[in-house]
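For the sequence shown, my numbering begins at 1 and goes up steadily by one.
Beta carbons: idealized from backbone N, C-alpha and C, even for Gly.
Scroll down for the structure; my scribbles are underneath it.
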Amino acid sequence: MKKSVLILVFFFTFSLSLVNAAEKKPVFGFTNVSRAMMLHPLMAKFQIKEGRFSPDNDSIKTENDKLQKFEEKRKEILSERDKLQKLIEKSDQELSSALSSLNVKFNTKKNQESSPESANNKYNEEKNSIENKYWVQRRELQVKMSDLDNELQKVNRENELLHLTSEEETARIFKVILDDVYEAVDVVAKHYSVEFVFNSSFSVERTPVNPAFTPVNPMGQFFAAKFTRDASETLHKHGEDGSAPLLMTLSYWTACQRWAFRNTVDPRLDQMVIKGGLDMTPAVIDFVYQKYKVPTSHRDVIQEFLKVTNEGL
1 MKKSVLILVF FFTFSLSLVN AAEKKPVFGF TNVSRAMMLH PLMAKFQIKE GRFSPDNDSI
61 KTENDKLQKF EEKRKEILSE RDKLQKLIEK SDQELSSALS SLNVKFNTKK NQESSPESAN
121 NKYNEEKNSI ENKYWVQRRE LQVKMSDLDN ELQKVNRENE LLHLTSEEET ARIFKVILDD
181 VYEAVDVVAK HYSVEFVFNS SFSVERTPVN PAFTPVNPMG QFFAAKFTRD ASETLHKHGE
241 DGSAPLLMTL SYWTACQRWA FRNTVDPRLD QMVIKGGLDM TPAVIDFVYQ KYKVPTSHRD
301 VIQEFLKVTN EGL
């Protein structure tokens with residue numbers, strides 16, 4: 001943490017000296033990537049409890065295709081598991097048979113050996129060799145069985161989430177969101193002639209403080225709403241239905257990255273340096289909103305929100 005602070009202090013100090021020399025022209029910018037992601041239009045479809053998105057195509061055919069793949073995978077795992085179980089049973093039988101044969105062999109030898117102690121030593125030596133070989137094989141089979149059980153558990157969980165995006169689809173959507181943010185960073189940086197941009201949220205934590213707690217995602221309701229009041233009034237005053245001020249709702253939501261980003265490992269979310277001090281976050285978010293044709297009223301509310309929370313203009 002101290003190292004990160006020192007780096008940021010260096011950037012600010014270095015930049016300020018250059019700004020003075022360049023008649024206040026910004027030489028570096030910063031964007032809160034995680035906040036831009038949390039406010040992205042696609043997050044309206046994000047189901048935070050499951051960490052997945054509601055798909056655009058909810059057709060029966062799509063769900064049936066997923067169900068068929070689930071059944072095929074489940075049958076494949078169960079078949080492999082059955083084979084392993086038979087191998088374990090066979091190994092148990094072989095151990096029992098080998099020990100029985102060993103007992104017969106040494107019961108016969110006992111009568112022939114002049115020294116009972118020598119016979120017992122040989123018996124124990126061979127018995128240990130048989131059992132060691134058996135347990136090595138048994139452990140290998142049990143590890144494979146455990147792997148299959150874990151895979152089956154994962155597949156069963158996927159079956160419960162058939163109505164949502166798969167892990168691969170979820171990762172792809174987060175990639176699209178980051179693509180949009182980074183595209184916007186490039187456009188805004190070019191507009192302001194900024195050569196260097198860093199990510200002010202590069203230390204995002206992905207582990208929920210309380211995994212049992214699930215926050216509410218307000219973005220679906222936000223994008224579906226129709227705003228008739230100006231941005232400041234919409235943000236600060238209670239809703240016409242008596243709901244809490246939108247400022248509280250958006251502040252709460254943008255602080256929930258621990259829950260929202262637990263299923264994305266895209267390194268760009270944690271990358272401190274993006275390009276090159278100008279807070280570009282408002283412009284970046286607005287560029288994305290324009291790309292997704294978000295109404296002006298919604299864009300104004302978000303710009304006001306960023307302004308009053310000291311993250312924007």
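The three-state reading of DSSP puts V197 in strand, counting E and B together. Within the same chain, no residue comes within 6 Å of H191 by CB-CB distance, once the 5 residues on both sides are set aside. Beta-bridge pairing by DSSP links G29 to V197, L278. According to the DSSP assignment, F174 belongs to the alpha helix (DSSP H) that extends over 167–191. A buried status is given to Q257, since no fewer than 16 other beta-carbon atoms sit within 10 Å of its beta-carbon. Look at the beta carbons and you see the segment 80–87 touching the segment 137–152: at least three pairs across the two are nearer than 8 Å. In this structure, DSSP gives F53 an extended state, which the three-state scheme calls strand. Here the alpha carbon of I130 sits roughly 51 Å from the alpha carbon of L164.
One thing to note: Y123 has its Cβ no nearer than 9 Å to the Cβ of L95.
Per DSSP, the continuous alpha helix (DSSP H) segment holding L250 begins and ends at 246–254. By the neighbour-count definition (other C-beta atoms within 10 Å, threshold 16), R35 is a buried residue.
DSSP places R258 in the uninterrupted alpha helix (DSSP H) bounded by 257–260. According to the DSSP secondary-structure assignment, Q47 is paired through a beta bridge with R52. Secondary structure at E240: coil, using DSSP grouped into helix, strand and coil. Assigned with DSSP and collapsed to three states, K293 falls in coil, not helix or strand. Ranked by Cα distance from T170, the options E233, L141, D56 are led by D56. Of the residues assessed, G29 falls on the buried side of the cut-off, its CB having 16 or more other CB atoms within 10 angstroms. Nearest Cα to M38 within the set V308, Y289, T296, D300: Y289. Per DSSP, reduced to three states, the secondary structure at N124 is helical.
For F227, there is no enclosing alpha helix (DSSP H), since its DSSP letter is neither H nor E.
H298 is classed as buried because its beta carbon has at least 16 other beta carbons within 10 Å across all chains shown.
For F198 and T214, the gap between their C-alpha atoms comes out near 30 Å. Within its own chain, the residues whose Cβ lies closer than 6 Å to the Cβ of D300, once the five positions on either side in sequence are excluded, are A231, listed in chain order. Residues of the same chain with their beta carbon placed closer than 6 Å to that of A225 are lacking, with the five preceding and five following residues left out of the count. Judged by DSSP in its simplified three-state form, T214 adopts coil rather than helix or strand.
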